[in-house]
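Student:
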Amino acid sequence: MSAPAPSPLAIVDAEPLPRQEEVLSETALAFLAELHRRFTPRRDELLARRAERRAEIARTSTLDFLPETAAIRADDSWKVAPAPPALEDRRVEITGPTDRKMTINALNSGARVWLADFEDASAPTWENVVTGQLNLIDAYTRSIDFTDERTGKTYALRPDEELATVVMRPRGWHLDERHLTDAEGTPVPGALVDFGLYFFHNAQRLLDLGKGPYFYLPKTESHLEARLWNDVFVFAQDHLGIPQGTVRATVLIETITAAYEMEEILYELRDHASGLNAGRWDYLFSIVKNFRDGGPKFVLPDRNAVTMTAPFMRAYTELLVRTCHKRGAHAIGGMAAFIPSRRDEEVNKVAFEKVKADKDREANDGFDGSWVAHPDLVPIAMESFDRVLGDRPNQKDRLREDVDVKAEDLIAIDSLDASPTYAGLVNAVQVGIRYIEAWLRGLGAVAIFNLMEDAATAEISRSQIWQWINAGVVLDNGERVTAELARKVAAEELANIRAETGEEAFAAGNWQQAHDLLLKVALDEDYADFLTLPAYEQLKG
């Protein structure tokens, strides 16, 4: 007698959305149920392993390359699969959420790749999760358009050959999707929901368009987590009759533990690997999270003082380029988050010069491409990479064998000559409150002080407040960072926002809720692994 089919998934506590049955068809939900049945138990084990590893770091205050995988690092014979044509040239990538307007603008932006984001640039409301999938389906069938109700401006796709290649980013392993549960009421991991729906609906369609299902994998902490993703890819391709090796994954090296396992991560994904990316804010957040009780030598200064030229950040990015090129993979650089001002050309001029310097550095260091947050930055980044690459699609032949990074170089935080300041504390509180308030309204990518912020910037902001308090940091004005000082700065910021927005807009927003949540995750003795976990409990929709 054959085994009974797995129980279908239930949609819980979610208002029905227009066209949701197109995404959440019976066959699509059956596919998700099978992914959940096969892979969620291993996901759970790996999350428990994260906690064990963090406890070990707390005990030793150090990290090293893994002795048990030394043979993989020493074996020069293996390479990742060759890049498909659509991912050979990735010199500029634009990032952003999958709302309808952004979908059209990103595809039309002139960037070679669009990171279509279901993760840090998207608050996971049910509407965002489902309509984001619909928008991508509509883009691939060229049935997408958009009219801005406020301006009357209409948006439509350019010809196919002018559109960016989509690389979709699902949620990290730690986040569940509370609106989809199995028969026992257990939620399906958000990563499997985002990946599964996208792959189910679009894998064959993308192949027919000459591309494929390409993914960015966020928040990876070990090669074992990459192995889990690889097994998901193998199963999904077999299950839907898609040729093995069609999937391509670029892994964000945005945790300090993953930085010690870059080669192993590529090895686990080698039939599906496309490259690695250097993600700055989450990387700093991960350093604080893992070494938060490691004493003064691990205290980070103001986040804006930690540029990519800091010695420990330089070690990380140069090791990433060398590792990728040794294994035939793309090395993708970090984010230019500046949002151009329509009113202040001087602000733009200064910022554009900084963006250019940053992208020049990446191109000269051997990166094959880089990220921008706004279409106006595409030409600036493109010029930096065009100058170095010329007609070549990438510079993977530049092996960077001059790079020699030791284990201790990656955590030499005290090599940076900068200290926390009162202005840095104020900025952390400002960004934290303003970002969380928007996130609670369902917005994941938010322009704050001319920068496009996402969940990673809120994470580093609240983590720095926590670290500075617990390390007893004394600021440049002589004040010690305490819970009382953080509360005082937060109260002042809340009053400033009230004056800035007016009483009516303030009352209509989530300002007090955001203020309270920031202080909770910044002041609680028990450090929350991810801000988005308690925030998700308060997210409506």
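To convert, count from 1 in the sequence shown and add 32; that's the numbering used here. Note that the Cβ used here is the ideal one computed from N, Cα and C, for glycine as well.
#1: In chain order, what residues of the same chain have a beta carbon less than 6 Å from the beta carbon of Phe-6, not counting five sequence neighbours either side?
#2: For Phe-247, which residues of its own chain have a beta-carbon under 6 Å away from its beta-carbon, when the five flanking residues on both sides are left out?
#3: Have a look at Asp-314, Ile-297, Arg-312, Pro-129 and flag the residue whose alpha-carbon is nearest the alpha-carbon of Ser-306.
#4: Alpha carbon to alpha carbon, how far is Gln-545 from Tyr-467?
#5: What number of angstroms, rounded off, separates the C-alpha of Ala-503 from the C-alpha of Val-353?
#6: Could you check whether Ala-518 and Ala-32 sit closer than 8 Å to each other, using their CB atoms as the reference points?
#7: Three-state secondary structure (DSSP) at Thr-179?
#8: Could you tell me whether the Cβ atoms of Asn-160 and Thr-135 are closer together than 8 Å?
#9: Taking C-alpha atoms, which residue in Ile-465, Glu-536, Ala-405 lies nearest to Gly-142?
#10: Can you tell me the Cα-Cα spacing of Phe-71 and His-271, whole angstroms?
#11: For Asp-263, which three-state DSSP category applies?
#12: In the DSSP assignment, find the alpha helix (DSSP H) that holds Met-414 and state where it starts and stops.
#13: Just tell me which of Gly-422, His-211, Glu-125, Val-437 has its CA closest to the CA of Leu-409.
#14: Please classify Ala-527: is it buried, with 16 or more other beta-carbons within 10 angstroms of its beta-carbon, or exposed?
#15: Just to confirm the assignment, what range does the beta strand (DSSP E) spanning Leu-582 have?
#16: Alpha carbon to alpha carbon, how far is Ala-258 from Gly-510? Give it in angstroms, no decimals.
#17: With distance defined between alpha-carbon atoms, name the residue in Asp-334, Lys-251, Val-463, Ala-196 nearest to Leu-238.
#18: May I ask you to list the residues that DSSP assigns as paired with Leu-472?
#19: Which value, in whole angstroms, describes the spacing of the CA atoms of Leu-78 and Leu-256?
#20: Rounded to a whole number of angstroms, what is the C-alpha to C-alpha distance between Ala-337 and Glu-58?
#21: Can you tell me the Cα-Cα spacing of Thr-453 and Trp-205, whole angstroms?
#22: Determine the burial state of Met-33: buried for a count of at least 16 other Cβ atoms within 10 Å of its Cβ, exposed for fewer.
#23: If you reduce the DSSP assignment to three classes, tell me which class Pro-117 lands in.
#24: In terms of residues, what are the limits of the alpha helix (DSSP H) holding Tyr-568?
#25: Hey, out of Lys-358, Lys-381, Pro-50, Arg-324, whose CA is closest to Gln-496's CA?
#26: Got a sec, what are the start and stop residues for the beta strand (DSSP E) Gly-273 sits in?
#27: Taking the runs of the alpha helix (DSSP H) that are 4 residues or longer, which of them lie wholly in the stretch 311-370?
#28: Would Tyr-348 and Tyr-315 qualify as a contact pair, given that the criterion is a beta-carbon distance under 8 Å?
#29: Quick one: what's Met-294 bridged to in DSSP?
#30: To the nearest angstrom, report how far apart Leu-563 and Ile-492 are at their CA atoms.
#31: Spatial neighbours of Ala-90 within its chain, please: C-beta separation below 7 Å, excluding the five flanking residues on both sides.
#32: How big is the Cα-Cα spacing for Ala-102 and Thr-179?
#33: Give the secondary structure of Leu-49 by DSSP, where H, G and I count as helix, E and B as strand, and everything else as coil.
#34: Can you tell which of Pro-99, Glu-295, Leu-421 has the C-alpha that lies nearest to the C-alpha of Ser-109?
Tutor: Working from what's here:
#1: With the chain covering only 33 through 573, there is no way to say anything about residue 6.
#2: Met-200, Ala-281
#3: Ile-297
#4: 12 Å
#5: 34 Å
#6: Nothing about residue 32 can be reported from this structure: the residues present for the chain run from 33 to 573 only.
#7: strand
#8: no
#9: Ala-405
#10: 14 Å
#11: helix
#12: 410-421
#13: Glu-125
#14: exposed
#15: This structure gives no information on residue 582, because the portion of the chain shown stretches from 33 to 573.
#16: 45 Å
#17: Ala-196
#18: None; Leu-472 has no bridge partner.
#19: 8 Å
#20: 51 Å
#21: 34 Å
#22: Model confidence at Met-33 stands at a pLDDT of 40, short of 50, so the residue's coordinates are unreliable and nothing is read from them.
#23: helix
#24: 564-570
#25: Arg-324
#26: Here Gly-273 belongs to no beta strand (DSSP E), and DSSP marks it neither H nor E.
#27: 312-322, 343-358
#28: yes
#29: Per DSSP, none; premise fails for Met-294.
#30: 10 Å
#31: Asp-325
#32: 55 Å
#33: coil
#34: Glu-295
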